[in-house]
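*Asks:* Using our numbering, count along the sequence shown one by one with no gaps and you end on 345. The structure that follows is given in the form of structure tokens.
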Amino acid sequence: MPIDIVVDAMGSDKAPDPEIRGAVLAARHYDVRVHLVGPEEILRPILRQHVRHQKHLPIFIAPASEWITMGDKAAQAVRSKRDSTMRVGLKMVREGVSSRATSGHGKAAGFFTAGNTGAAMATAKMVLGMLSGVDRPALASTVPTTRGTPSLILDVGANVDCDPDNLVQFAVMGHIFAQNVLKIPNPRVGLLSIGEEDSKGNSLTRDTLPLLRALPGINFVGNVEGRDIYNGNCDVTVCDGFVGNVALKASEGIVRLVSHTLRDALKSTVTSQVGALLSRRAFGDFKKRLDYNEYGGAPLLGVRGVCIVGHGSSNEKAIMNGIRVAAEFAHAEVNPGIEAALDTSVATQP
């Protein structure tokens, strides 16, 4: 059966065009019904242009009169903008309705936004609530590895300051997500530090290490370093949101540097240009593996529902993949697994 995914149509830097284009692509390629949340007078004319020759695509509009911008202060905007696209969309997920419009279809299974991350997290906590056993939600980002397999890093920005119990919960949530969504049978979980030795790291990592070692049902491999995020030696990397966000943004900067440097080098001489033409497919595969748009967005793990947060600069491909990730998350039933695993870990603590 098709699954209903709600999209914040006013979230990205160039909204609503990428959201509408991405919704059209998702409706074409995946078994989903997409509900765009935003002012109908803005969305309807643009949507009509994109579906002019495909009138039967399952895309619907759910009215919302306000939206939260990247420049808004998250806490203030969440309180004051009561009819924001984020709040309306997440309420649709909480209440299990497909739309405030008369689309008459099934329950909304997940929500995607490329908007203000802080506002998305605060709104999701307020509207959906937290899973049993989870104190704070975590943003989990999927990245490529040299082995061709995906790797998960969390938290990547939802929580700047964390305590050891938070990191233990992140490890459990990452383990379940990697198992159920990334289809890794026994994911290796590592704690991000500045060295593999137990004595390395700061007080947070040193205090967290023994707790993770005692955690039942988790394949904990100990401390890992930054390079292990991408070399395939670790499937789930756990850290606080400050470290994770810096690591992720630095990696994105390196990808851009390598891509631009390689492009400039291939244009420098006639010989290199010929070589580039002969290797076009290989370079295309290289770019695709490193393109964050292929990964869609970061799931907000720990809230009682499915919420995926994408980059503000997301294009239509990223929006399409964000909708796909939301659908996969909903199908995989990650949240019941997280609650069960946390119940087990609490029960076995001395």
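Backbone N, C-alpha and C fix where the C-beta goes; we use that ideal spot for every residue, glycine too.
Whose C-alpha, out of I224, E192, R183, R222, is nearest the C-alpha of N214?
*Replies:* Residue R183 is the option with its Cα nearest to N214.
*Asks:* Let's see if you can read the secondary structure: which residues bound the beta strand (DSSP E) around S75?
*Replies:* Premise fails: S75 lies in the alpha helix (DSSP H), 69 to 75, not in any beta strand (DSSP E).
*Asks:* Give me the DSSP bridge partner(s) of E61.
*Replies:* The partner list for E61 (beta bridge, DSSP) reads S79.
*Asks:* How many angstroms separate the CA atom of G291 from the CA atom of E61?
*Replies:* One C-alpha to the other measures close to 24 angstroms.
*Asks:* How big is the Cα-Cα spacing for D78 and D(-1)?
*Replies:* Taking the straight line joining both Cα atoms gives about 21 angstroms.
*Asks:* Do you know how far the Cα of T80 is from the Cα of T144?
*Replies:* Each residue's Cα considered, the two are about 35 angstroms apart.
*Asks:* For the candidate residues H24, F165, V122, whose alpha-carbon lies nearest to that of G91?
*Replies:* Ranking H24, F165, V122 by Cα distance to G91 puts V122 first.
*Asks:* On the CB-based measure, 16 or more other CB atoms within 10 Å of its CB, does G124 come out buried or exposed?
*Replies:* It is exposed - the Cβ of G124 has fewer than 16 other Cβ atoms within 10 Å.
*Asks:* Would DSSP call V2 helix, strand or coil?
*Replies:* Three-state result, V2: strand.
*Asks:* How close, in whole Å, do the beta carbons of A4 and I63 come, if the pair is a contact with beta carbons under 8 angstroms?
*Replies:* Their Cβ separation, rounded to whole angstroms, is 13 angstroms, which puts A4 and I63 out of contact at 8 angstroms.
*Asks:* Check each candidate in A322, F172, D223, A57 and name the one with the smallest Cα separation from P139.
*Replies:* Of the listed residues, the one whose Cα sits closest to P139 is D223.
*Asks:* Have a look at A166 and L20 and give me their C-alpha separation to the nearest angstrom.
*Replies:* When rounded, the distance between both Cα atoms is 34 angstroms.
*Asks:* Among G190, A59, S75, Q71, whose alpha-carbon lies nearest the alpha-carbon of L85?
*Replies:* Nearest option by C-alpha distance: A59.
*Asks:* Go ahead and label V155 buried or exposed: buried means 16 or more other beta carbons lie within 10 angstroms of its beta carbon, across all protein chains shown.
*Replies:* Its Cβ having fewer than 16 others within 10 Å, V155 is exposed.
*Asks:* What's the call for L252, buried or exposed, on a 16-neighbour Cβ count within 10 Å?
*Replies:* Flag for L252 reads exposed.
*Asks:* Candidates A103, A72, R47: which alpha carbon is nearest R28's?
*Replies:* Comparing Cα positions, the closest option is A103.
*Asks:* Determine whether the beta carbon atoms of V151 and N226 lie at a separation below 8 angstroms.
*Replies:* No, the pair does not count as a contact, with Cβ atoms beyond the cut-off.
*Asks:* Just how far apart, CA to CA, sit C157 and I54?
*Replies:* About 40 angstroms.
*Asks:* Restricting to runs no shorter than 3 residues, where is the beta strand (DSSP E) found entirely within the segment 97 to 164?
*Replies:* As far as the segment 97 to 164 is concerned, its whole beta strand (DSSP E) runs of at least 3 residues are 103 to 108, 133 to 139, 145 to 149.
*Asks:* Count the other C-beta atoms from every protein chain shown that fall within 10 angstroms of the C-beta of A153, then say buried if there are 16 or more, exposed otherwise.
*Replies:* That one is buried.
*Asks:* Can you name the residues that DSSP bridges to H30?
*Replies:* According to DSSP, H30 bridges with V1, F55.
*Asks:* Which same chain residues, not among the five before or five after L177, have their C-beta less than 6 angstroms away from its C-beta?
*Replies:* Excluding sequence neighbours, L177 sits near P145.
*Asks:* Enumerate, from N- to C-terminal direction, the unbroken alpha helix (DSSP H) stretches of 4 or more residues contained entirely within the segment 187 to 269.
*Replies:* Within the segment 187 to 269, the complete alpha helix (DSSP H) runs of at least 4 residues are 198 to 208, 236 to 261.
*Asks:* So, helix, strand or coil for R183, using DSSP?
*Replies:* If DSSP states are grouped into helix, strand and coil, R183 belongs with the strands.
*Asks:* With H, G and I counted as helix, E and B as strand and the rest as coil, what does DSSP make of L295?
*Replies:* Residue state, collapsed to three classes: strand.
*Asks:* Please state whether the Cβ-Cβ distance between M168 and L295 is less than 8 angstroms.
*Replies:* No, they are not a contact pair.
*Asks:* F172 to L126, Cα distance in whole Å?
*Replies:* Cα to Cα, F172 sits roughly 14 angstroms from L126.
*Asks:* Have a look at N310 and R131 and give me their C-alpha separation to the nearest angstrom.
*Replies:* Computed Cα separation, rounded: 29 angstroms.
*Asks:* Return yes when the Cβ of G185 is within less than 8 angstroms of the Cβ of C229, no when it is not.
*Replies:* It is a contact, given that the beta carbons lie within the stated cut-off.
*Asks:* Could you tell me the distance, in whole angstroms, from the CA atom of N330 to the CA atom of S308?
*Replies:* For N330 and S308, the distance between alpha carbons rounds to 28 angstroms.
*Asks:* I'd like to know whether the C-beta atoms of V231 and H306 end up nearer to each other than 8 angstroms.
*Replies:* No, the pair does not count as a contact, with Cβ atoms beyond the cut-off.
*Asks:* Give the secondary structure of N176 by DSSP, where H, G and I count as helix, E and B as strand, and everything else as coil.
*Replies:* Contrary to the premise, residue 176 reads as Val rather than Asn in this sequence. The answer is coil: DSSP assigns V176 none of H, G, I, E or B.
*Asks:* CB-CB under 8 angstroms to E328, same chain, minus the five flanking residues each way: which ones, in chain order?
*Replies:* Here the set comprises N175.
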